[in-house]
Amino acid sequence: MIPKLVHGRKTVSTPTEVTPNMSMEQLNGGLDNSLAQTPPPPGPDVRKHFLRPKSLVEKARMNVAWLNSSLSIMEQGVREYDTLCLRFKFYDFYDLNPKYDAIRINQIYEQAKWQLLNEEIDCTEEEMLMFAALQLQVNLQANQPQPNYDSNGSIASPQEDDIDAALSDLQTTLEGSNISNHCNDITKVPELNDELKILKPKKILRSYKRYWVSCKDLTLYLYKSREELVHRTGLVQEINLKGCEVTPDVNISQNKYCIKLDVLTEHSQDVYIIRCESESQYAKWMAACRLAAKGRSLADSSYDSEVQTILEFLQMQRPNEQLALQPNSLNIQVEDFIAPRYIKKLKGKLIHRILEAHANIKDLSLIEAKLNYIKAWQSLPEYGITLFIIKFVGQKKEDLLGIANSRIMRMDLNTGDHLKTWRYNTMKAWNVNWEVKLMTIQLEDDNKIDFSCLSADCKVIHEFIGGYIFLSMRSKDANQTLNEELFHKLTGGWS
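Following this line, the structure appears as structure tokens:
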């Protein structure tokens, strides 16, 4: 089934028979091409039925409605002509390729767009205008001729024939990906050094202090002076970044480029805020922290591309006074582009602000605009976190549980602050006591956590954990045939 977000109107039928053995190319080619195009915006009568959560509790309660993937939809009370809202459940999108995945890219783009417009996920004012600009470019490009793409996802040369393309693909496969330029010397361990301002919010005296900081082997090393850093003397503190939460805190109009680190220690979770002086400094350190949190060092070949992605994301948010379009040349209904809270805040200036942001991305093709929208969505602090209200065994108060593609998090129910993080690679087992609806997760250090879910069936949480672990097993080197038996083994439990 191709997931499709249905906005309370009618479900989408597919004129082509879909069989289990169809390849993705056959599936995309056989389905109605309209699935690769964004539909017209819904009218006011439909919009008034949209859910717009006002709190974290309301966001968590929205996850009560997921169907059980171990059962057919008819076994769960869904009948012919019923309307379903179909969404990608797992925020782990693998190997999006413009040549083969036009439908899937459009479905993800639609899901991202409505999450933002319905305020299911938060963003800053500059980010909202950037998303509106990308959406405008998608609309403008919808009926324009588009470039062809090769199997690597790059724009194909008009002169390149099929044989040339095949040879190019073979060469790329044989040579492999290039190691990034910053770490060509394999005898030297890559290191990032700089002077940074660091704040520890939990301290009584809340003020930024300047340190000379070195990032090396997944660890930050703090020194008081450059000389101490050079000679490795007078170390003030070590901060192990592996498994930490890395959250951007950026406001371009205020020249604020901060990185929030929630670092798990043996007995607590410490918070640090790094303040950078410029976009370039921020991009380097944000990329380093993100990779280190995933257990990957500066030697990782994705570091340079991560830095570039962050810089491009920031650049798209900067207003451009050289407008590519004039306000009176377009009929823009702002409610189709902007979340309600910003419509109230920016009333009267919205269209001009959208066009200022659009001037930065006016040359993007249709697929490029959608992919940039998806990439920017994935950069938001709240992206990919599915919320549930839970209660730990032995605790009186309720907590928030956030589930992401590599970890689960205990969060504050009112503020959303991260209190504790458990990564899937530290889990030995997880199961449900179906009689008392109690979820148990066994960790590698022989500790365990037990909790009940108050906002949904605990089977839903079991499915999310198992599904993400299943998806993490994908690799370009591995056979990509769907192992349906393994999926149901990981997600089904013993119900």
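Residue numbers for the sequence shown follow my numbering, beginning at 14 and rising by one. C-beta atoms are modelled at their ideal positions from N, C-alpha and C, and glycine is treated no differently.
Boundaries of the beta strand (DSSP E) around Tyr224: 222 to 229. Boundaries around Tyr386 are those of the alpha helix (DSSP H), 379 to 391, since no beta strand (DSSP E) includes it. If you draw a straight line from the Cα of Trp225 to the Cα of Ser266, it comes to about 27 Å.
With 16 or more other Cβ atoms from the protein chains shown falling within 10 Å of its own Cβ, Asn418 counts as buried.
The closest CA to that of Glu204, considering only Leu311, Thr453, Glu290, is found on Leu311. If you draw a straight line from the Cα of Pro353 to the Cα of Phe326, it comes to about 23 Å. Judged by beta-carbon spacing, Ile416 lies within the 7 Å limit of Phe477, meaning their Cβ atoms are closer than that value.
Under the DSSP definition of a beta bridge, Pro261 partners with Ile272.
Per the C-alpha coordinates, the member of Lys409, Ser378, Val406, Arg420 positioned closest to Ile398 is Arg420. The beta-bridge partner set that DSSP reports for Ser465 consists of Lys404.
Runs of the alpha helix (DSSP H) lying entirely within the region 71 to 133, each at least 4 residues long, are 115 to 130 in chain order. Within the DSSP bridge table, the entry for Gln346 names no partner. Per the coordinates, the alpha-carbon of Gln154 lies some 21 Å from the alpha-carbon of Gln328.
Apart from sequence neighbours up to five positions away, the residues of its chain that approach Gln157 with a beta-carbon distance below 8 Å are Leu379, ordered along the chain. Rounded to the nearest whole angstrom, the CA to CA distance from Phe101 to Thr504 is 16 Å. Per DSSP, Arg436 is not a residue of any alpha helix (DSSP H); the beta strand (DSSP E) it occupies stretches across 431 to 436. In the DSSP assignment, Trp298 falls within the unbroken alpha helix (DSSP H) covering 292 to 306.
Rounded to the nearest whole angstrom, the C-alpha separation of Ser238 and Glu251 is 15 Å.
By the Cβ criterion, the region 439 to 459 is not in contact with the region 89 to 97, since fewer than three pairs of Cβ atoms, one from each stretch, lie closer than 8 Å.
Between Thr232 and Asn264, the C-beta spacing is not below 7 Å. Note on geometry: alpha-carbon atoms of Gly90 and Glu448 lie some 23 Å from one another. The beta carbons of Cys302 and Val259 sit closer together than 7 Å. Spanning the alpha carbons of Leu242 and Lys229 requires a straight line of approximately 12 Å. According to DSSP, residue pairing for Trp443 in a beta bridge involves Ile454. Each of Pro54, Lys388, Val77 was checked against the Cα of Leu467, and the nearest Cα belongs to Val77. The closest CA to that of Glu290, considering only Ala337, Leu277, Arg223, Gln339, is found on Arg223.
Excluding its 5 nearest sequence neighbours in each direction, Thr439 has C-beta neighbours in its own chain below 6 Å: Leu456, Glu457, listed in chain order. Per the Cβ contact rule, the region 353 to 362 is not in contact with the region 326 to 345 (fewer than 3 Cβ pairs under 8 Å).
For Ile286, the enclosing beta strand (DSSP E) starts and ends at 282 to 289. In the structure shown, the three-state DSSP call for Asp459 is coil. With a cutoff of 7 Å on beta-carbon distance, Leu209 and Ile287 are scored as near each other. Here the region 134 to 142 does not lie against the region 107 to 115, with fewer than 3 beta-carbon pairs under 8 Å apart. Judged by their CB atoms, Ala125 and Trp390 are nearer to each other than the 7 Å cut-off. The beta-carbon distance between Lys433 and Arg423, rounded to whole angstroms, is 4 Å. This is short enough to meet the 8 Å contact definition. Annotation: Gln157 is outside any beta strand (DSSP E) and is labelled neither H nor E by DSSP.
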